[in-house]
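The sequence shown begins at 439 in my numbering and counts up one residue at a time.
Even for Gly, the Cβ is constructed at its ideal location relative to N, Cα and C.
Just so you know, these numbers come straight off a predicted model, no measurement behind them.
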Amino acid sequence: MAQKHQRDVSTSPCPNPACREPVEPGDLFCGACGYDLTSAPLPDEAQGRAPAEPGGGAGPAPVSWPQAQAGGGPDASVSTQHPGDLPGVDSHGARLSAESGDFVLPSPGGGAPAGGRPEAPAGPVREAHAADPAAVRADLPQDPRAAGPGGSPQPGEALCVACRAGRVDSDGYCENCGHAQPRERDHVERDLGAVAAVSDRGLRHHRNEDAFAVSTAAAGDGTPAVIAVVCDGVSSAARPDEASAAASSAAEAALLAALPRGTHPQQAMHEAIVTAAQAVDDLVGSVSAAGEPGPVRNAPACTIVGAVALGGLLAVGWVGDSRAYWVPDDRTGPAARLTEDDSWAAQMVAAGLMSEAEAYADERAHAITGWLGADAYELEPHTVSFKPDRPGTVVVCTDGLWNYAEGVEEMARAVPADASARPLHAARVLVGHALDGGGHDNVTVAVLPFAPPVAGAESACAAT
């Protein structure tokens, strides 16, 4: 997940020591593990008490043990009684035969029947729980997973996937057990044949803050165009999931409007990024999807990378550290990274202060220096265009993937050999590669097969 350089973070870790995912002020449950934040014990300092020092303070009051009664000497007889000496009932409820010397327990009615012993039942006694479970369990503690008053779902309402008993509230949490429910964006796939994309929440984050858009269009001369846009929400900003969704949708719409007018793909990509930036800026002061007013600090932000294949031309644009790679079908040819990160690590390498291995091993490596958002320093969309002379695959992805295949050769090895023929399968394989590597971040991949046009079939844009 991208992180802004020197951002103000107002979250705190989950009190559950097995989780420690960040939670925001006002949350009732942890989004990752469902921990009830309202029952979390406060530290001693928060309760106005000085923290207890190890080994210090007064210990518990001494226990006053009763004194043993004086015995009658070593020769005194001791009265003993064995379990078999007491009357009882067998497994069917029938009274066991009493022997001489048995004492008699009072009957439930208040006294023993004549003769000194309670009478055995005339027939076998059925156990209470066999006839009426409620009669036995009514006074026992109830299963906390059972839905309480007002928590039972009504017909048509969502049922909790964890306890299968509680109603899911509008915030996506179970009112009964507090478990976070799967969100629609936790795993998303789309296959258009000419391009495919897969986005997954990953294994550590409680929501997916990535987004993508894939489309097909036609240029002014009728040449088919294929579009792929991928955005990564900045985790340290407010509403990162909404920022990535707004940016990807706005960029896609701008490209679909510009390409049919005959706009050059590289120019169309530049305009699309500017439009996406404005869509993210507009989230400031707006009302979030949860009904909360927009923040005044930590404005929504995201990265963006996009690719357009039109005729024999491949146009790529980006802001941030999301990347695009070129992997030829013939693996004897070289693969290439088509983008340069807007990040601290990239700046260190460009300035010659560190090697690439040293820079990306630093904890500041993923601090980005460029993003879409109202508090961005300056919007500088990067755009480039290429004319590949052989068929291949364009991989457009967030750092959730390339963190597990940073080098060009590593990425080329991770891309299936039949990626051009099966783009959706290739996208799934690449997402699986990231999850198998640890899945510490959201991961989104778009796979765009590219084939150069046959001689004499280039579009007007590709010939310029």
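Span of the alpha helix (DSSP H), counted from its first residue to its last, around residue i
i, result
"G870", "861-874"
"V846", "846-852"
"E627", "Element bounds for E627: not the alpha helix (DSSP H) but the beta strand (DSSP E), 625-629."
"P678", "678-696"
"G723", "Careful: G723 lies outside any alpha helix (DSSP H) and carries neither H nor E."
"G838", "837-840"
"V606", "Unbroken run through V606: none, as it is neither H nor E."
"V787", "782-788"
Cut-off 7 Å between Cβ atoms - residues of its own chain near residue i, not counting five sequence neighbours on either side
i, result
"D768", "R828"
"H708", "G755, P819, T821"
"E844", "Y798"
"G877", "G640, L641, R642"
"T449", "P460, V461, E462"
"D780", "V757, G758, D759, I806, T807, G808"
"S653", "I665, E690, L694"
"R613", "Checking the sequence, you will find Glu at residue 613 rather than Arg. So the qualifying residues of the chain are G589, G604, R605, D607."
"A656", "P662, A663, P698"
"Q785", "T807"
Contacts around residue i, its chain only, beta-carbon distance under 6 Å, and the 5 residues preceding and following it disregarded
i, result
"A710", "A689, A692, L693"
"I704", "Looking at the sequence provided, one finds Gln at residue 704 rather than Ile. The residues are A753, T821, S823."
"A737", "V722, G811, A812, D813"
"C471", "N454, C457"
"A675", "N736, P738, A739"
"A568", "In this predicted model, A568 has a pLDDT of only 42, less than 50, meaning its place in the structure is not dependable; the value taken from the coordinates is given anyway. Contacts found: none."
"T713", "A688, A692"
"W840", "R761"
"Y473", "C452, N454"
"R623", "N646"
"M849", "Y763, A843"
"D638", "H625, V869, V881"
"D800", "none"
"V867", "P854"
With 16 other Cβ atoms within 10 Å as the buried cut-off, status of residue i
i, result
"P861", "buried"
"L697", "buried"
"V599", "exposed"
"E595", "exposed"
"W782", "buried"
"P662", "exposed"
"A859", "exposed"
"G700", "exposed"
"P847", "Note that residue 847 is Glu in the sequence shown here, rather than Pro. Classification for E847: exposed."
"P593", "exposed"
"L748", "buried"
"R789", "In the sequence on display, residue 789 carries Ala and not Arg. Result: exposed."
"G830", "buried"
"A681", "buried"
"A852", "buried"
Backbone CA spacing between residue i and residue j [nearest angstrom]
i, j, result
"T741", "V667", "11 Å"
"A872", "D629", "20 Å"
"P854", "G758", "27 Å"
"G771", "R677", "42 Å"
"G604", "E794", "51 Å"
"R775", "D837", "13 Å"
"A773", "G744", "18 Å"
"P620", "F650", "19 Å"
"G384", "F888", "No statement about residue 384 is possible, as the shown extent of the chain runs from 439 to 902 and does not include it."
"E816", "A715", "11 Å"
"V664", "N880", "24 Å"
"C669", "A683", "8 Å"
"A961", "L466", "Because the chain in this structure spans residues 439 to 902, residue 961 falls outside the shown range and cannot be described."
"T476", "G616", "11 Å"
"V718", "T777", "22 Å"
"V746", "G631", "15 Å"
"R602", "H863", "33 Å"
"A857", "G660", "26 Å"
Span of the beta strand (DSSP E) around residue i
i, result
"D648", "648-656"
"Y798", "Run containing Y798: none in the beta strand (DSSP E); it sits in the alpha helix (DSSP H), 794-799."
"A634", "634-638"
"A747", "739-748"
"W756", "751-757"
"G671", "662-671"
"H820", "820-824"
"T882", "881-888"
"V892", "Note, V892: premise wrong, no beta strand (DSSP E); not H, not E."
"Y763", "761-766"
Contacts around residue i, its chain only, beta-carbon distance under 8 Å, and the 5 residues preceding and following it disregarded
i, result
"H644", "E459, C468, G469, A470, A618"
"A865", "E627, A634, A635, V636, V883, A884, V885"
"S686", "A649, F650, A651, V667, V668, C669, A714, I742"
"A803", "S781, W782, A783, A797"
"D679", "R623, R645, N646, E647, A649, G671"
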